[in-house]
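**Student:** In case it helps, the working numbering puts the sequence shown at residues 13 to 290.
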Amino acid sequence: MKRIPRLTPWAAGLAAVALFAVPAAAAAGQQRTAVSPQAVSAGSAGTSATSVDAYYAAAEGKTGAALKTALHEIIKTQSKVTYDGVWNALKVTDQDPANPNNVILVYSGRSQSKSTNGGDPNDWNREHVWAKSHGDFGTATGPGTDLHHLRPEDVTVNSTRGNKDFDMGGSPVSEAPGSYTDADSFEPRDAVKGDVARMLLYMAVRYDGGDGFADLEMNDKVNNGTAPLFGRISLLKQWNELDPPDAFEQRRNQVIFDSFQHNRNPFIDHPEWVNSIW
């Protein structure tokens, strides 16, 4: 898939039209295809369109801040996973559909043995897509262990990403083809740009200052440091549209709902709600 360039506002629309015509490659080499939530199965009990609609019934007809509040009330009801429990959970949520012994690494796109989790170079570890220092929640049960933003990633790539905000540009990231980084930002490969956006936006809705944790919010900056903020929202909104939810992401959402946390990422089920809130 063609890399999404840094664009001026007038060019963004033209690029979106062009990019939608180009098939995106999945991490395991399969084509990414947007499918409806009710079509997701593959290792999950699945859920019907009716049950998904029922889950979001309290948000029906709402927009803007009212929609964000309604979604928070819905998704805050969840079971919680310990940080040790995240290891085994990721082996299920991020299983390679072509090889049940492997997981797919989020930025690298590499299929790697589930048994190679750890802290050594070329192992995979637990990447917090919403960096845990942004709000200082660490690995505490809650945002620090929320599977909706935790993904397997190569140890070295995880370290390179660090706690940087998301933006475009920089130098290529070793072991993560199609990803780039500079001093203050990280750009993931095209095939997961939308996934990254929807994970961050989930966090900004789920954690609003309750549960004893910081109020996580979006802004349009980089260098947010330890503030409970993440950027850049204008770019993440573009990524949400250019890289819609695919079967892997939707299956993941369903598995988390069915088997672990029993809550959903609303922006995977309804990506159109991103523009309604932000």
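Yeah, the Cβ is synthetic: ideal placement off N, Cα and C, and Gly gets one too.
Expressed to the nearest angstrom, what Euclidean distance is found between the alpha-carbon atoms of S127 and L102?
**Tutor:** Cα-Cα distance, rounded: 12 angstroms.
**Student:** Where does the unbroken beta strand (DSSP E) through Q124 begin, and where does it stop?
**Tutor:** Unbroken beta strand (DSSP E) run through Q124: 123 to 125.
**Student:** What does the Cβ neighbour count give for S197, buried or exposed, with the cut at 16 atoms within 10 Å?
**Tutor:** Buried is the call here.
**Student:** From Y214, S171, F272, A82, pick the residue whose C-alpha is nearest to that of P133; which is it?
**Tutor:** That would be S171, whose Cα lies nearest to the Cα of P133.
**Student:** Would a C-beta distance cut-off of 8 angstroms place D323 and G154 closer than the cut-off?
**Tutor:** Here the chain covers residues 13 to 290 and nothing more, so residue 323 does not appear.
**Student:** Measuring alpha carbon to alpha carbon, tell me which residue in G97, K144, D207, R163 is nearest L117.
**Tutor:** Of G97, K144, D207, R163, the residue nearest in Cα terms is R163.
**Student:** Do the region 203 to 216 and the region 142 to 162 meet, that is, are 3 or more Cβ pairs less than 8 angstroms apart?
**Tutor:** The region 203 to 216 vs the region 142 to 162: in contact.
**Student:** From the DSSP output, in three-state form, read off H160 for me.
**Tutor:** H160: coil per DSSP, three-state reduction.
**Student:** Could you spell out where the beta strand (DSSP E) holding W136 opens and where it closes?
**Tutor:** 136 to 140 is the span of the beta strand (DSSP E), which, as asked, contains W136.
**Student:** Does the distance from the CB of G181 to the CB of D202 come in under 8 angstroms?
**Tutor:** Contact flag unset, no.
**Student:** Using the Cα positions of K88 and E261, report the straight-line distance between them to the nearest angstrom.
**Tutor:** Roughly 20 angstroms between the two C-alpha positions.
**Student:** Please state the DSSP three-state secondary structure of M13.
**Tutor:** Low confidence applies here, because M13 scores a pLDDT of 41, under 50, leaving its location unreliable and the question unanswered by this model.
**Student:** Kindly indicate which three-state DSSP category P112 falls into: helix, strand or coil?
**Tutor:** Three-state DSSP puts P112 in a strand.
**Student:** Can the beta-carbon of E165 be found less than 8 angstroms from the beta-carbon of S120?
**Tutor:** Taking 8 angstroms as the Cβ cut-off, E165 and S120 qualify as a contacting pair.
**Student:** Should E229 be labelled buried (16 or more other beta-carbon atoms within 10 Å of its own) or exposed?
**Tutor:** That one is buried.
**Student:** Could you say which of G97, S191, G130 lies nearest to R173 if we only look at CA atoms?
**Tutor:** Comparing Cα-Cα distances from R173 to each of G97, S191, G130, the minimum goes to S191.
**Student:** If we ignore side chains and look at the alpha-carbon of each, how far apart do A216 and R244 end up?
**Tutor:** If I take the Cα positions, the gap works out to 13 angstroms.
**Student:** How many angstroms separate the CA atom of P278 from the CA atom of G130?
**Tutor:** One C-alpha to the other measures close to 31 angstroms.
**Student:** Distance, Cα to Cα, N287 vs T75?
**Tutor:** Going by the C-alpha atoms only, they are around 9 angstroms apart.
**Student:** Just verifying my parser: in three-state terms, what is the DSSP assignment at T62?
**Tutor:** Here T62 sits in helix by DSSP.
**Student:** Taking 7 angstroms as the limit between beta carbons, can you name the residues of its chain near E90, skipping five residues before and five after?
**Tutor:** The residue asked about is misnamed: residue 90 is Gln in this sequence, not Glu. Closer than 7 angstroms at Cβ, skipping near neighbours: Q273, H274, N275.
**Student:** Considering only DSSP beta bridges, list what Q107 is partnered with.
**Tutor:** According to DSSP, Q107 bridges with V115.
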